[in-house]
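Going letter by letter, the sequence shown gives residues 7 to 278 in our numbering. Note that the Cβ used here is the ideal one computed from N, Cα and C, for glycine as well. All of these numbers come straight from a predicted model, not from anything done at the bench. Here is the structure we will look at.
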Amino acid sequence: MDKDIRKDNEDLDMDHAVSEEVLEDIAFYRALLVNVCMIGKPNDTWVLIDTGVMRYTKRIIAAAEKRYGNKPPEAIILTHGHFDHVGSAKELAKYWDVPIYVHQNELGYVTGKEVYPPADPTVGGGMFSLLSPIFPQDPVNLKSLVKPLPENGELPFLKEWRYVYTPGHTPGHICLFRERDRTLISGDAFVTENPESTMAVFFPLQKVYGPPAYFTGDWDLAEESVKKLAALEPELVIPGHGLPMEGESLREQLNELANNFLELAIPKNKKH
Ligand SMILES: [Zn+2]
Ligand SMILES: [Zn+2]
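Given below as structure tokens:
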């Protein structure tokens, strides 16, 4: 393990790096504008989902240690490879000495072989303008740290969970779903804060929105994926951006998004 990361922890205020428990075995930590999820009961074995923006390594470690002590996760699983979800992946994987998993169709984008289309500033505002100062110069390359997920939908170390393949926002985007209590981790397939509103970032409401527009590559696939997720009738969602939502209001709003995707999710200049 790379002890140097721990050594200069002192210069950051780690007291505020605290995860919020949603269920007995799920907590999330908001790393700037994006959620990372921890699946596993406190002090039990656990898995980290997504890794936030870069320079959040120490804070994510601090939040994890408050919940799990010194026990590293079994693995890191990525919903997709956008920089706000993989920013601290390399440092965390090295520090904990654990593998990173991503969908096969996303692998090229996190190993420097393929590059996402450039962010579309014409749909602008909100998260885009807040994140733009920290856009990385180079595409992320996790090299040999990252492996493809099994093709059959199984998730390593998470027996109760399966992944749902939800391309559109990116080619290899996945969500994580647990049938037993219909808990969904949705990444950016849909979110619960308006990604195009700066106000929403600071005053989050619980409302279902489509995927962040400036990074979404294929709107037809994104629509199909939202329909797939609505059909799962989730009871609880923890999205990549925004607060968790649950129950009937979640299902109603998700259905509304699925049935009116063109109107609700697709930016005006992308409609055809
Ligand atoms: Zn994204
Ligand atoms: Zn995102």
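Excluding its 5 nearest sequence neighbours in each direction, G248 has C-beta neighbours in its own chain below 6 Å: V197, T198, E199, P210, listed in chain order.
As for any beta strand (DSSP E) of minimum length 3 sitting wholly inside the region 171-239, the runs are 180-184, 189-193, ordered along the chain. The C-alpha of Y62 lies about 14 Å from the C-alpha of P142. Membership of A69 in the alpha helix (DSSP H) is indicated by the continuous run 63-74. Rounded to whole angstroms, the Cβ separation of S231 and A271 is 11 Å, and the two are not in contact under 8 Å. When the Cα atoms are used, Y101 and T189 turn out to be separated by approximately 29 Å. Between L263 and G216 a beta carbon distance of about 6 Å is seen, short of the 8 Å cut, so the two are scored as contacting.
DSSP places K100 in the uninterrupted alpha helix (DSSP H) bounded by 95-102. Assignment of T117 by DSSP, reduced to helix, strand and coil, places it in the strand class. By the C-beta density criterion, S25 is buried, having at least 16 other C-beta atoms within 10 angstroms.
In the three-state reduction of the DSSP assignment, F267 falls in the helix class, which pools H, G and I. For I32 and S94, the gap between their C-alpha atoms comes out near 20 Å.
Around A69, the same chain offers A23, V24, S25, Y35 as residues with beta carbons nearer than 7 Å, after the five sequence neighbours per side are excluded.
Contact check for F163 against E239 fails: the beta carbons are separated by 8 Å or more. In this structure, V40 lies near V59, with their beta-carbon atoms less than 8 Å apart.
For L54, the enclosing beta strand (DSSP E) covers residues 53-55. From the listed residues K213, P156, E30, M251, the smallest Cα separation to H109 is found for P156. Judged by beta-carbon spacing, V214 lies beyond the 8 Å limit of V146, meaning their Cβ atoms are not closer than that value. In this structure I244 does not touch V53 by the C-beta definition: roughly 14 Å separates them, more than the 8 Å allowed. Per the DSSP secondary-structure output, A33 pairs in a beta bridge with E27, M44. Distances between the C-beta of D224 and the heavy atoms of ligand 1 are all 7 Å or more. Summarising the contact set, residues whose Cβ lies nearer than 6 Å to any heavy atom of ligand 2 are, in chain order, V40, H88, D90, H91, D194, P218, G246, H247. Straight-line measurement puts the Cα of L84 at about 8 Å from the Cα of T57. The beta-carbon distance between V152 and V121, rounded to whole angstroms, is 16 Å. This is too long to meet the 8 Å contact definition.
Taking 7 Å as the cut-off, the C-beta of F221 counts as close to a heavy atom of ligand 1. Taking the Cα positions, D103 is about 27 Å away from T176. For L242, the uninterrupted beta strand (DSSP E) segment begins and ends at 242-245. In this model, F221 and S203 are separated by some 15 Å (Cα to Cα). In the DSSP secondary-structure assignment, Y169 is bridged to L182.
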